[in-house]
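There are 2 protein chains.
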Amino acid sequence: MQDTIIYIDADNRLNLQNQIRQKLVDGILNGSFPPGMRLPSSRKLSQQLNVARNTVVAAYQQLVSDGYLVSRNRSGIFVSQEMLEARVGHSSDSSPAAQAESKAWARRVKAIPSLWHEEHGQPNWRHYPFPFIDGRFDATLFPITEWREANRLSLGVADVGDWSTGSGDADDPMLIEEIRTKILTRRGIQAGSDEILVTMGTQNSLYIISQLLADESTRAVMEEPGNYEMRNLLHLRGANVVAQEVDDQGLVVDENLQGASIVYVTPSHQIPTAVAMSLERRQALIQAAADDDFLIVEDDYECETNYMDHPLPALRSMDVAGRVIYIASFSNALAPGARLGFIVANPGFIRRARQLRRKILNHPPLNNQRTAAYFLSLGHYDALMMRLGRVFRERRMALRDALNNMRGIPLEISPEVGGTTYWVRTPRDFDVGNLTREAEKHGILIEPVEQYYAVAENAENCFRMGVTSLPHGKIRPGVEQLIKLLRDLVRGQVEQLETSSGSWLIGDELQRTMAGATILYREVYGAPCTIEHLPDGTMQGRLGFANEDRDTGRWRVEGEQLFRKWDRWVYGEETAYYIVIDGDKIKYFNADKQIVDSAFIRLAGD
Amino acid sequence: MQDTIIYIDADNRLNLQNQIRQKLVDGILNGSFPPGMRLPSSRKLSQQLNVARNTVVAAYQQLVSDGYLVSRNRSGIFVSQEMLEARVGHSSDSSPAAQAESKAWARRVKAIPSLWHEEHGQPNWRHYPFPFIDGRFDATLFPITEWREANRLSLGVADVGDWSTGSGDADDPMLIEEIRTKILTRRGIQAGSDEILVTMGTQNSLYIISQLLADESTRAVMEEPGNYEMRNLLHLRGANVVAQEVDDQGLVVDENLQGASIVYVTPSHQIPTAVAMSLERRQALIQAAADDDFLIVEDDYECETNYMDHPLPALRSMDVAGRVIYIASFSNALAPGARLGFIVANPGFIRRARQLRRKILNHPPLNNQRTAAYFLSLGHYDALMMRLGRVFRERRMALRDALNNMRGIPLEISPEVGGTTYWVRTPRDFDVGNLTREAEKHGILIEPVEQYYAVAENAENCFRMGVTSLPHGKIRPGVEQLIKLLRDLVRGQVEQLETSSGSWLIGDELQRTMAGATILYREVYGAPCTIEHLPDGTMQGRLGFANEDRDTGRWRVEGEQLFRKWDRWVYGEETAYYIVIDGDKIKYFNADKQIVDSAFIRLAGD
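Right, here's the structure in full:
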């Protein structure tokens, strides 16, 4: 009896027929099944593999019609000669050229220092259990059913006729129309079809714009902190990049903008602070562009996740002088795989950009353009935006709660400005770079904000935590591990129970002190909180500027520690603290006898 | 009774449910159906549209779950408030910015003369009935069933998890493996996975390479004639481009290559002559690269359509010094829509190219990478290559026959060198540019070869005709129309019957002369042909250097003309000529009394 020539692999994603096909093709092309070799009969192979004979017959028939196999009447199925003749050799995993010591190529590569030196070797976030980084979307967000439907429609015969043959330098007219009527109107932008160019996403848009608008003679203003991708592209062109302050209304518009050729801004969701530029500031910027004669590059980064408010209209929609070049990408939930974005600008500029795009890559894939067009046309895009808004709101709240409840060291987070991230401020002399590296070793990715600053000294001692790539259920465990790590790192640097100033209270004395005491403090995100410890062992909590969040709980003293348990707050879990009273200040210490929080205390008699 | 709010469109490609969905979404987003508007009941709408009620119910339900509509119990279905709140305005087809007269942007665009001036405004070939241009593939060649299958597999849940989240700057490992084992082995190339970078096709590969390897200090050698896309990219970088002769063995390797930094070649199928570089020449080029210290950029353009011979191994496969940078794209039949190609070079070079690619566009779409990977993995690619070879062979033969049989003016076509085109040589003073423009007006696209020459004077008076985008059945009608146009254009410029030297024979005299005469001439593609006119009214034809093609036919004289009809040749159709005998030369004139051919004649008595 003949040996089995192929095996069925239970983990393989292909169905049986395709798997048989794939394995036979592999064998033929790698030479294991040489031309002229006789294959086992379909009956025999189906017995060996324990699959239906029809499955084997169908796989054989396909391969015969494709020319891999030939069927000779009554004598069987053979590997064909013809297919192999078109091939020159076999595969091996290393080339002689690559092994050559000569580095002939290396001397020819042009030196582009800002290209070679700025890469930070970003870790692949998908391999980490807790990627608290912004702008990457986990797979649960991908609208798989809707994308499949749009994709299936784009493979209709008439549609394939439209896109399979290439287009010179044109985009899919159906997609342009959908962008015009379904996306740009969300941003208040009116645009004709000759004002839109499809790109391979935001990076590609920025590349094209920086090639067209910047060179050594260019003074380019950017937000500080700001998008380092754009800063690097401008440096690549040799431009003089000016760092301009961002405040709580967005880019500061003042005399520093004078003399600029271009000003790059991210008004709807500032990178990286998430500040939305105020309407007044937008008007001032448009006016300054006219007065000082510069162009504005408006990067409408993640406008879809800026869910906190009703969005303000885009700068492009306020532009009557053709000075704004607007770029956006399809939602990150849709685009990372498919990579699609677009530029909106005056027709003449779009014409130039199209010519350059043709040199770079001809045009973005038309099959993906058509799929995106159907996705928009069926209304899936707006539905996706609503869903993302909901999901991110929930996740960001979960992050806030976890950071608030898991305090390990004194932390502070940015007030609510929208977006999907929090900036976490650490004590002044804390080494954020070290924390980032240590966290990565523990499977946690956080983002130091330093890279967003052109001038390193401007950077606050902060890191950024985002939730776009982290499903709800992983946020609390991730924060718990991060806080544990933080505690270990600051051990010895923060106040210890044994050496604390004030009185360490235990037992009855602690019980007497807390009964009737009121605690006043602030949450990590700045909201005031009042806690009353009633003598009967219950607690009343009021949180927020208008006491909008209330909870009740129980407190008790057992041995040396104060135990607290809220009905809802702190996940309804009991926490224990050592307590020190220092004047009108109460200090909380954790089980490791490190300080985790302090507050103002008003005793019952006061 | 309420008016119908939407209409069903019989031509729409969507199914009824999706069409209803699409039209409702359009109405909601463009404001025709304002928030709070009550929609007709599903019963009413289904009656109005004459579709099943379930179809309307399903469309409504989907839109409710997406948030476009809200259902209020017992009172009906309403347009939701929420969806519109996220939007700023409505659509219009022109922007105020675009209408602004200010050309603020124009003064900021950097002058890149070689980019702006070299565009010829290529017509979109798909709109022309007879696009005889090379390298565009008509939709009948697209492997729609196989692509759909591969596409469907790429949308499996595990696969979507792999590609939907983006990849930083990595390519799909599955595709890299398939390229390595299924494509590169066809070309004799061994490569590790770190020697391969996926690109957006050949244009994108050339762009990346020209950015990395060329600047003002670069002496770059190119074939003359050669690929104008690469020449333009080198000019864009300010390189000194040297035009080097191509002979029937490919690029001439001589002392002109000395001092070059890079040499760009298309060895498997020279652009545009289709010459395959001989093995000796390949070895000489590799040796020269080592001796003169230059790099070779090997563009394996359309190696798959070079079907005439067994292919020679790629230069990269002969390279032991790491001096060859190899680029190829997936077949044009697969890639124009999806746009995928790749670069093979030493790992260090690939690393640099990957960094630059990240700046330009991050990475090529991963969904298309995965689809292509499945396409290769199932063996569809090799099967497609075989099918294309077959189809192009047939089409090119049809083009040759049509050009041979439809002679309108003396023409000559290039000998067989492989590829999918013929070069058509016209009389010396014929205006090919004018012909190209006139042909376009008649729906026929031909390609003047001038643009391939760096030095215009090197260009022969030729145009190129290709068949990759023209199905078999359209080739003869296209050539017929082109020849008709040619005849009109040369009217008055070629020999006329009335003014011809020699004797115009008619009637009995013509009958007597032709009986027993033997005609010796050459086909347009250079093969000798002998025709014997036997006295009994039959003809014997022998064609080719070894008389490999024979046919029989009948001839007769009627009135002033000689009538000929072959059994197979000239499509088995009868043709009529006026005949002039001038010494030992026979001249054929068409119905317009213009000369179309001449030959050597040996009379019966000789």
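From first to last, the protein sequence lines are chains A and B.
Under the working numbering, the first residue of the first sequence carries the number 74, and numbering increases by one thereafter.
Under the working numbering, the first residue of the second sequence carries the number 74, and numbering increases by one thereafter.
Quick reminder that beta carbons are idealized off the backbone N, C-alpha and C, glycines included.
Predicted model, so just to flag it, every value in this text is computed and none were measured.
* 6 Å Cβ shell around Ile93(A) - same chain, five flanking residues per side excluded -> Short of 6 Å from the beta carbon of Ile93(A), and not among the five residues preceding or following it, lie these beta carbons of its own chain, in chain order: Ala132.
* Asked: Is there at least one Cβ from chain B nearer than 9 Å to Leu307(A)'s Cβ?
  -> Chain B, which has no Cβ nearer than 9 Å to the Cβ of Leu307(A), makes this no.
* Asked: Apart from the five residues on each side of it in sequence, which residues of its chain come closer than 6 Å, Cβ to Cβ, to Thr339(B)?
  -> Around Thr339(B): Asp372, Tyr374.
* To do: Using a Cβ cut-off of 9 Å, pull out every chain A residue sitting near Met350(B), in sequence order please.
  => Going along chain A, no residue has its Cβ under 9 Å from Met350(B), so there is no contact; the nearest lies around 14 Å.
* Residue range of the unbroken alpha helix (DSSP H) whose run includes Arg595(A) -> Per DSSP, Arg595(A) belongs to no alpha helix (DSSP H); it is in the beta strand (DSSP E), 591-595.
* Asked: If you pair each beta-carbon of the region 212-223 of chain B with each one of the region 548-558 of chain B, do three or more pairs fall below 8 Å?
  -> With the cut-off at 8 Å, the region 212-223 of chain B and the region 548-558 of chain B do not touch.
* Residues, ordered as in the chain, of the region 420-432 of chain B that lie near chain A by beta-carbon distance below 7 Å -> Taking 7 Å as the upper bound on Cβ-Cβ separation, chain A lies near residues Pro420, Gly421, Phe422, Arg425, Gln428, Leu429, Lys432 of the region 420-432 of chain B.
* To do: If I'm right that Leu578(A) touches Ile674(A) with Cβ under 8 Å, what's the distance once you round it to whole angstroms?
  => With a Cβ gap of about 11 Å, Leu578(A) and Ile674(A) do not count as contacting.
* Determine the DSSP secondary structure at Ser175(A), reduced to helix, strand or coil. => Because the pLDDT of Ser175(A) is 49, which lies under 50, any placement of that residue in the model is unreliable, and the number read from its coordinates should be weighed accordingly. Ser175(A): coil per DSSP, three-state reduction.
* Which of the three DSSP states, helix, strand or coil, is assigned to Ser144(B)? -> It is a strand residue.
* What's the call for Pro345(B), buried or exposed, on a 16-neighbour Cβ count within 10 Å? -> The residue in question, Pro345(B), is buried, as its Cβ has 16 or more Cβ neighbours within 10 Å.
* Considering only the beta carbon of each residue, do Tyr337(A) and Met391(A) sit closer than 9 Å? -> Going by C-beta atoms, Tyr337(A) is not nearer than 9 Å to Met391(A).
* Say whether chain A places a C-beta atom closer than 9 Å to the C-beta of Thr272(B). => Output row for Thr272(B): interface = yes.
* To do: Taking only beta-carbon positions, decide if His436(B) is within less than 9 Å of chain A.
  => Using beta-carbon distances, His436(B) counts as an interface residue toward chain A, with a partner under 9 Å.
* Asked: Which of helix, strand or coil does DSSP assign to His308(A)?
  -> Residue state, collapsed to three classes: helix.
* Asked: Does the Cβ of Tyr399(A) have 16 or more other Cβ atoms within 10 Å, making it buried, or fewer, making it exposed?
  -> Under this definition Tyr399(A) is a buried residue.
* **Distance, Ala363(A) Cα to Ala394(A) Cα** => Note on geometry: alpha-carbon atoms of Ala394(A) and Ala363(A) lie some 8 Å from one another.
* **Spatial neighbours of Arg126(A) in its chain, beta-carbon cut-off 7 Å, leaving aside the 5 residues before and after** => Taken in chain order, the residues that qualify are Ser115, Arg116, Ser119.
* Asked: When you compare only the Cα positions, how much space is there between Leu368(A) and Ser402(A)?
  -> If I take the Cα positions, the gap works out to 20 Å.
* Asked: Is the Cβ-Cβ distance between Gln317(A) and Leu324(A) less than 9 Å?
  -> Gln317(A) is a Cβ neighbour of Leu324(A), given a cutoff of 9 Å.
* Looking only at C-alpha atoms, which of Pro521(B), Tyr661(B), Met295(B) sits nearest to Leu508(B)? -> Nearest option by C-alpha distance: Pro521(B).
* Count the other CB atoms, across all protein chains shown, that sit within 10 Å of the CB of Glu174(A); report buried if there are 16 or more and exposed otherwise. => Reliability fails at Glu174(A), whose pLDDT of 44 lies under 50, so the model's placement of it is uncertain and the value that follows must be treated cautiously. Glu174(A) should be labelled exposed.
* To do: Answer with yes or no whether the minimum CB distance from Lys255(A) to chain B is below 9 Å.
  => It does: the Cβ of Lys255(A) has a partner Cβ on chain B nearer than 9 Å.
* Asked: Count the other CB atoms within 10 Å of the CB of Gln356(A); is the residue buried (16 or more) or exposed (fewer)?
  -> Gln356(A) is exposed by the Cβ-count criterion.
* Note down, in chain order, each residue of its chain lying with its Cβ closer than 6 Å to the Cβ of Asn88(B), except the 5 sequence neighbours on either side. => Within the same chain, Asn88(B) has no close Cβ partners at all.
* In chain order, what residues of the same chain lie with their CB nearer than 7 Å to the CB of Arg629(A), ignoring the 5 residues before and after it? -> Cβ neighbours of Arg629(A) beyond the five flanking positions: Gly610, Phe636.
* Could you tell me which of Arg225(B), Ala512(B), Ile659(B), Asn440(B) sits nearest to Pro246(B), measuring between CA atoms? => When the alpha-carbon of Pro246(B) is set against those of Arg225(B), Ala512(B), Ile659(B), Asn440(B), the nearest one is in Asn440(B).
* Own chain partners of Leu570(B) with C-beta closer than 6 Å, once the 5 adjacent residues on each side are dropped -> In its chain, beyond the 5 residues on either side, Tyr651, Phe662, Lys666 have a beta carbon closer than 6 Å to the beta carbon of Leu570(B).
* Asked: In the DSSP assignment, what are the bridge partners of Ile486(B)?
  -> The partner list for Ile486(B) (beta bridge, DSSP) reads Val497(B).
* Anticipated Cβ contact below 8 Å, Ala361(B) with Ser334(B), distance rounded -> Cβ atoms of Ala361(B) and Ser334(B) stay farther apart than 8 Å, at about 13 Å.
* Given 8 Å, three or more beta-carbon pairs between the region 460-471 of chain A and the region 440-451 of chain A -> Taking 8 Å as the limit for Cβ pairs, the verdict is that the region 440-451 of chain A does not touch the region 460-471 of chain A.
* Option in Ala590(B), Leu543(B), Val130(B), Pro483(B) with minimal Cα separation from Arg564(B) -> Of the residues Ala590(B), Leu543(B), Val130(B), Pro483(B), the one whose Cα lies closest to the Cα of Arg564(B) is Pro483(B).
* To do: Tell me whether Val230(A) is buried or exposed, calling it buried when 16 or more other Cβ atoms sit within 10 Å of its Cβ.
  => By the 10 Å Cβ count, Val230(A) comes out exposed.
* Asked: Quick one: any contact between the region 520-537 of chain B and the region 492-499 of chain B, if contact means 3 or more CB pairs under 8 Å?
  -> As far as the Cβ criterion goes, the region 520-537 of chain B touches the region 492-499 of chain B, which means the pair count is three or higher.
* Looking at the structure shown, is Ala316(B) part of a helix, part of a strand, or coil, going by DSSP? -> It is a strand residue.
* Decide if Val348(B) is buried, meaning its Cβ has at least 16 other Cβ atoms within 10 Å, or exposed. => Val348(B) should be labelled buried.
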